[in-house]
Structures are given as structure tokens and as C-alpha cells.
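Residue numbers (our numbering): 6 to 164. Let me begin by presenting the structure, written as C-alpha cells, before commenting on it.
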């Protein structure tokens, strides 16, 4: 049986943590003992997630407003995370936009570019930036960390 607080001492970063599935994952990780880095593009949702968690759990939480489609903002987030915490055990690439939930062949190019920038390039930016640090974490053996990529069923629609 898995201990209830098996993430104690570990840090989880969730993109898109201001609402929905990202918020629920943040609450779940906090319930298992993890400290958190909450990322989203809108501060109001992040503050709401943080406050909801702190009502129930005593955790360290770093809130980072950053656009993951912009590598400079992601790199700044990396620096903030490792100034506050000494590890990042779980990275969840959850942020995503739907662009209107129509097929890619019907999308306007500007909408398509934005969806790809957040959903694909954003996850790539975050993974690339944090993986360099995660792979050097020798104190977590045999696993140095986890990277979880979230996608929606909208990505399976034929174009």
C-alpha cells in the first residue's frame, strides 16, 4: 500500500494550474505531501488554486505567471523555481488551449499558430528547460523525476 504522503519533500510543477485539470492535479499532489509550483498565464486563477490548497494543506507554493510559449519566460521560471526549491520531482505539462474546438483545416492560421505555440511548443519549452536540472538530481534514485504530458481528446480529431 502506498503511503499517503509519499511526495513529502518533493516538488511538483503544474502548468495550466489556474483552473480545471491543472488545479485538480495540484490539489492531489498537495494531498500527497508535495510542495508546488503553480504556473498559468492568468494570475487570478493561480491565486485561487494556491488559496484553495492552503485552506487544507500546509505546503510551500510558488506561483509563477508565465507564458510557456515564450522560452524567455520559461527560462525565468526555471530560475525562480530553483531559487526557492532544491528539487523538481514532478513536471506536468498540462497547459493547453483549444482554439475553438474545430478541425485544424478549418482554423484560421493565427488561431492555429497560437494553439501550436501553447500546446506543442509550450510543452517542449518547459520540458527542455527543466529536464536539464531534473536529470542531475542524484538524490532521487533510481528515478530522478517524472515528466507527465497531458493532451486532450480534441487532439485526436481528424483535420
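Ideal Cβ positions, reconstructed from N, Cα and C, are used throughout, including at glycine.
Would you mind working out which of the options sits nearest residue i, comparing C-alpha positions?
i           : options             : result
residue 43  : 62, 26, 17 and 33   : 17
residue 19  : 49, 138, 67 and 121 : 67
residue 75  : 119, 53 and 138     : 119
residue 89  : 77, 69, 117 and 104 : 69
residue 138 : 51, 86 and 25       : 86
residue 62  : 33, 130 and 121     : 33
Determine the contact status of residue i and residue j, defining contact as a CB-CB distance below 7 Å.
i           : j           : result
residue 123 : residue 102 : yes
residue 14  : residue 73  : no
residue 37  : residue 59  : no
residue 79  : residue 134 : yes
residue 35  : residue 64  : yes
Based on the DSSP output, what are the partners of residue i in its beta bridges?
i           : result
residue 56  : Note: residue 56 sits in no beta bridge, so no partner.
residue 69  : 44
residue 180 : The question about residue 180 has no answer, for the chain in this structure spans 6 to 164.
residue 20  : 44
residue 98  : 154
From residue i to residue j, what does the alpha carbon distance come to, in whole angstroms?
i           : j           : result
residue 57  : residue 149 : 29 Å
residue 156 : residue 100 : 9 Å
residue 29  : residue 111 : 32 Å
residue 132 : residue 98  : 8 Å
residue 82  : residue 113 : 31 Å
residue 23  : residue 31  : 9 Å
residue 9   : residue 47  : 31 Å
residue 25  : residue 115 : 25 Å
residue 51  : residue 45  : 7 Å
residue 117 : residue 84  : 30 Å
Give a single yes or no on whether residue i has its beta carbon closer than 6 Å to a heavy atom of the ligand MN.
i           : result
residue 136 : In the structure on display, the ligand MN does not appear, and there are no ligands present to speak of.
TODO: Decide if the stretch 126 to 145 is in contact with the stretch 88 to 97; the criterion is three or more beta carbon pairs, one per stretch, under 8 Å apart.
DONE: yes
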